[in-house]
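Chains as they are written, first to last, in the numbering used here: chain A, 1 to 272; chain B, 273 to 544. Yeah, the Cβ is synthetic: ideal placement off N, Cα and C, and Gly gets one too.
2 protein chains.
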Amino acid sequence: MKNVLLSIEYDGTNFCGWQRQPAKRTVQGELEKVLADLCCVEVSLNGTSRTDAGVHALGQRACFKGEFAIPLENIGRAANNILAGGNRHKAGDVRIKEVQEMPLDFHARFDAKGKTYLYRLATGEVPSVFARNYSYFIKDPLDVALMSEAAAHIVGKHDFKCFEAAGGNPRETTVRTITALEVTEADGGITLAVTGDGFLYNMVRIITGTLVDVGSGRIRPDEIPGIITSCDRQNAGHTAPPQGLYLAEVYFDRLPEIKTGKKLQQNSIFNV
Amino acid sequence: MKNVLLSIEYDGTNFCGWQRQPAKRTVQGELEKVLADLCCVEVSLNGTSRTDAGVHALGQRACFKGEFAIPLENIGRAANNILAGGNRHKAGDVRIKEVQEMPLDFHARFDAKGKTYLYRLATGEVPSVFARNYSYFIKDPLDVALMSEAAAHIVGKHDFKCFEAAGGNPRETTVRTITALEVTEADGGITLAVTGDGFLYNMVRIITGTLVDVGSGRIRPDEIPGIITSCDRQNAGHTAPPQGLYLAEVYFDRLPEIKTGKKLQQNSIFNV
């Protein structure tokens, strides 16, 4: 018996999210089908994050167990070939980046110490047809300095109930620690990068919407502490749409220290 | 009666090309439907270039005639709103960039003096799920200096029959003038920019495939003149796939002079 951990990249545009659902195309469903065919064993994937429809991943993690008919090192290559429809010049919309064996008691969700999400905002006069599924277009000018000031109030250990949408799984506590929340301006857009030990339902999208509301002047940065302590979703900003959100990285060893000023490798992520 | 010229951007991924076809989703078909509803007049669009399925446009041009119920300056905004499904935070996959009135005898195809196409190659160890519909992934290392050397042999006035695919409309002559063909390396890829007074069927894709074959060592740059004078498609390289191709610009006044070294504004085009 082996316990296999995958690192997975996907374009969420044409998926009804991560989680397997009957008669719907989901990332988990597609991967389980391909892996079961390849490994000649029924596959049940445990993903770190149940991303919503339209949300992307640069580094989703998921593990599965089984006695496999093919060597571990061939699983990724063989699966990607099937996922790309046999076209070696074009990826499919989901791709396995890495395959590794883990101890049998390892679990991709329960053992995750934290995650980094990116959120991409596109700014400018008009929306681009090419960015429509990969960013949130904002026509209003956004004040990045105000957004950064607001972001600094969010970093830390807080009860983040104000940033939780209804409809998620019940949680024991709504206290989470955000170790970094950076707002970076680059050609034609703004990227938010948020790292934390865990996230409530739609938390990154509500934080993003709130920071957009700060950037456009609807909320002042100094209102953020009061919004957080109110524990009231009504006081926070709007929920940003799914297509700008990317699950970027999952941490199993330990969460990175609180830090600022880290430059994102934007070119490698967002250039097509 | 007015003659209206449009500048149009589209993501060709989910279109069966430009040209109207019964029961298929095409750019011309979608635009004619939306414009007819808006203008309360039957609309027949003349596009400059009949792009193939999967091919994109940054600046396709098309004109149509009619007596309109709405003012000219409202056509673009109203059409884009319908094309985006009423979502002002997200473009549709086709968008009107500009609307202008032209003399009645102006024709978007017959009056075009030339065009610029871009072709985007993605390089690296593995293909990206995000680039799959917007570039041609090449795993082999490509020698950009060799590609530029080969490109220089293609610039000029030649019989380009060797770069014409079967299946296009019959042409009076296969002589064309290429005024610029530039190969530029940027983060994670290579962009070709080719400007000419006209292009044969699949000509840019065959030139691209030939330059890729040069870059990977299958064709030497000094073989290009012989390939051109042979007038034989068999001697040229492979046909690059449609998803890397972008109709970038159409020239009506005059074709730009032959020039080299022009830096592309890549960020504004390819960043999402």
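For Gly364/B, a Cβ of chain A is located within less than 8 Å of the residue's own Cβ. With the rule of 3 Cβ pairs closer than 8 Å, the segment 97-112 of chain A does not count as touching the segment 414-431 of chain B. The straight-line gap separating the alpha-carbon atoms of Ala452/B and Tyr523/B is approximately 14 Å. Contact of Asp232/A with chain B is not assigned, every C-beta pair being separated by 8 Å or more.
Residue-level contact check: Pro242/A does not touch chain B, since none of the beta carbons of chain B fall below 8 Å from its beta carbon.
Judged by beta-carbon spacing, Thr210/A lies beyond the 8 Å limit of Gly168/A, meaning their Cβ atoms are not closer than that value. Val398/B and Lys411/B have their C-alpha atoms some 7 Å from each other. In the structure shown, the three-state DSSP call for Met1/A is coil. Within the segment 166-222 of chain A, the runs of alpha helix (DSSP H) at least 4 residues long that lie entirely inside it are, in chain order, 203-215. His361/B belongs to the set of residues whose beta carbon lies under 8 Å from a beta carbon in chain A.
Between Arg95/A and chain B, the shortest Cβ-Cβ separation is below 8 Å. Interface annotation, Ser216/A: not in contact with chain B, CB-CB separation never under 8 Å. Here Leu376/B carries a coil assignment [DSSP, helix/strand/coil]. Closest by C-alpha distance to Thr239/A, out of Thr13/A, Glu164/A, Ser44/A, is Glu164/A.
Put simply, the backbone Cα of Val212/A is about 10 Å away from that of Arg205/A. For Gln19/A, the closest alpha carbon among the candidates Thr13/A, Gly29/A, Gly12/A is that of Gly29/A.
The segment 211-225 of chain A and the segment 33-44 of chain A do not touch, with fewer than 3 CB-CB distances between them shorter than 8 Å.
The three-state reading of DSSP puts Phe160/A in coil, since its state is none of H, G, I, E or B. For Cys335/B, the enclosing beta strand (DSSP E) begins and ends at 328-338. Residues of the same chain with a CB within less than 7 Å of the CB of Tyr473/B, apart from the 5 flanking positions on each side, are Glu436, Ala437, Gly439, Gly440 in chain order. Taking one beta carbon from each stretch, the segment 114-129 of chain A and the segment 182-198 of chain A have 3 or more pairs nearer than 8 Å; the two touch. Only residues of its own chain outside the window of five on either side were considered, and among them Tyr391, Arg392, Ser407, Tyr408 have a CB closer than 6 Å to the CB of Gly516/B, listed in chain order. For Thr501/B, the enclosing alpha helix (DSSP H) starts and ends at 496-502.
Straight-line measurement puts the Cα of Asp11/A at about 13 Å from the Cα of Ala131/A. Around Glu457/B, no beta-carbon contact reaches into chain A at under 7 Å, the shortest distance being about 13 Å. Looking at the DSSP output, Leu121/A shares a beta bridge with Tyr136/A, Ile190/A. Approximately 6 Å separates the beta-carbon atoms of Ser279/B and Arg333/B; this is inside 8 Å, confirming the contact. Not one beta carbon of chain B lies nearer than 8 Å to the beta carbon of Val175/A. Residues of the segment 137-163 of chain A with a C-beta less than 7 Å from any C-beta of chain B: Phe137, listed in chain order.
Rounded to the nearest angstrom, the gap between the Cα atoms of Gln21/A and Gly47/A is 14 Å. At the C-beta level, Ile368/B and Ala351/B come within 8 Å of one another.
Beyond the five residues adjoining it in sequence on each side, Asp143/A comes within less than 6 Å, by CB distance, of Gly215 in the same chain, given in chain order. If you draw a 10 Å sphere on the C-beta of Ser400/B, you find 16 or more other C-beta atoms in it, and that means buried. Note that the C-beta distance between Asp324/B and Gly289/B is below 8 Å.
For Ile280/B, the secondary structure class from DSSP, reduced to helix, strand or coil, is strand.
What Arg25/A touches in chain B, judged by beta-carbon distance under 9 Å, is nothing: the nearest beta carbon there is about 15 Å away.
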